[in-house]
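**Q** Heads up: the sequence shown begins at 1311 in the working numbering, then just goes up one per residue.
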Amino acid sequence: MRCAYHSTSRTSVQCRTCGRPLCPLCDHRIKGFAYCQDCIVRGVEMLRFASRPESTSSRSSRPSPTLAAAVALIPGLGAVYNRQNAKAFVHFILICGLFELAELSGLTLFGLGGVVFYLYSIVDAYRTAQAIRTGANPKEQDERLRRFLQENVRTWAGILIALGIIFLVTDVFRLFTPPIPLLQLWPLLLIGLALYLLIRNWRADRNEDALEPPSTDFRVMTPSLFSPPTGRLTGPVDRQTGSSWPNYSEGRRR
1311 MRCAYHSTSR
1321 TSVQCRTCGR
1331 PLCPLCDHRI
1341 KGFAYCQDCI
1351 VRGVEMLRFA
1361 SRPESTSSRS
1371 SRPSPTLAAA
1381 VALIPGLGAV
1391 YNRQNAKAFV
1401 HFILICGLFE
1411 LAELSGLTLF
1421 GLGGVVFYLY
1431 SIVDAYRTAQ
1441 AIRTGANPKE
1451 QDERLRRFLQ
1461 ENVRTWAGIL
1471 IALGIIFLVT
1481 DVFRLFTPPI
1491 PLLQLWPLLL
1501 IGLALYLLIR
1511 NWRADRNEDA
1521 LEPPSTDFRV
1531 MTPSLFSPPT
1541 GRLTGPVDRQ
1551 TGSSWPNYSE
1561 GRRR
């Protein structure tokens, strides 16, 4: 086995941390154990970071779980306090939307869902603040949520269309009693929003396809290397086979 740093030297030991093969020149002993140079540098950096005193600014930037739960009593503000804007927008839309649907449709199921999600947002703000205090990055979860929403635009559009159709059908019987209340036409807004999302996503896909460069087939550029003989090669034509390849067997006979 060869050394990981010197390909011409034979290995004598292996690094205790990463297991790299080491030659006698790369064998660095610490308390009798062999370590490679990369593991030594990594350990020194970890010790330097651990021994660094914690600044007052980093302490003050840590969110308080109690304060996060308190501000989460207003829908969405708990996530804003934890620096998660996408989650705050989703919490606000879902909580207010469920309560609004319960009021307009008269269904207690939406009201119950709004209450459950409202309590969940408070607990989530508290637990997220605790995770941030232990070293978690709030931007990672927020970025995953934003990516999830962008990748499933068609799904959300389909849900909005289904909700709009359901509530429009439930309210259509009330439209025959004049005067027609405009408030009962609100499901059309859901359908229109869903159609807008679908059209925007379809246009974005078309723009991405238009920006992609056309694929070039390398075989078309060099037909002599990849395609079978087409009779364009120089040489005597064999009357029996009709091929234009040089007849080397005839030269050998002569």
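Heads up, the beta-carbon is just placed ideally off N, CA and C, and yes, glycines get one too.
Once you ignore the five residues that flank S1319 on each side, which residues in its own chain have a CB closer than 6 Å to its CB?
**A** The answer, listed in chain order, is C1313, C1333.
**Q** Which residues in the same chain as C1349 place their Cβ atom closer than 7 Å to its Cβ, once the five residues preceding and following it in sequence are excluded?
**A** Here the set comprises C1325, T1327, C1328.
**Q** Can G1445 be considered in contact with the ligand SAH, in the sense that its beta carbon sits closer than 8 Å to one or more heavy atoms?
**A** Of ligands this structure carries none, so the ligand SAH is not represented either.
**Q** Counting Cβ pairs, one atom from each stretch, are 3 or more of them under 8 Å apart for the stretch 1425–1442 and the stretch 1389–1398?
**A** Judged by Cβ distances under 8 Å, the stretch 1425–1442 makes contact with the stretch 1389–1398, as three or more pairs qualify.
**Q** What residues in its chain sit with their C-beta under 6 Å from that of P1375, if we drop five residues either side in the sequence?
**A** The residues are Y1436, A1439, Q1440.
**Q** In the structure shown, what three-state DSSP assignment does I1384 receive?
**A** I1384: coil per DSSP, three-state reduction.
**Q** Measuring straight from C-alpha to C-alpha, what distance separates I1469 and N1462?
**A** So the alpha carbons of these two residues sit roughly 11 Å apart.
**Q** Give a yes or no on whether the C-beta atoms belonging to D1434 and A1382 are separated by under 9 Å.
**A** For D1434 and A1382, yes; Cβs fall inside 9 Å.
**Q** Helix, strand or coil for A1467? Go by DSSP, reduced to three states.
**A** Three-state result, A1467: helix.
**Q** What does the Cβ neighbour count give for R1252, buried or exposed, with the cut at 16 atoms within 10 Å?
**A** Since the first and last residues shown for the chain are 1311 and 1564, residue 1252 lies out of range.
**Q** Keeping to the same chain, check which residues put their C-beta closer than 6 Å to that of F1420; ignore five residues upstream and five downstream.
**A** Same-chain partners within the cutoff: L1408, L1411, A1412.
**Q** Since I believe A1379 is in contact with G1388 (beta carbons under 8 Å), could you give me their beta-carbon distance rounded to a whole number of angstroms?
**A** About 7 Å; that satisfies the 8 Å criterion.
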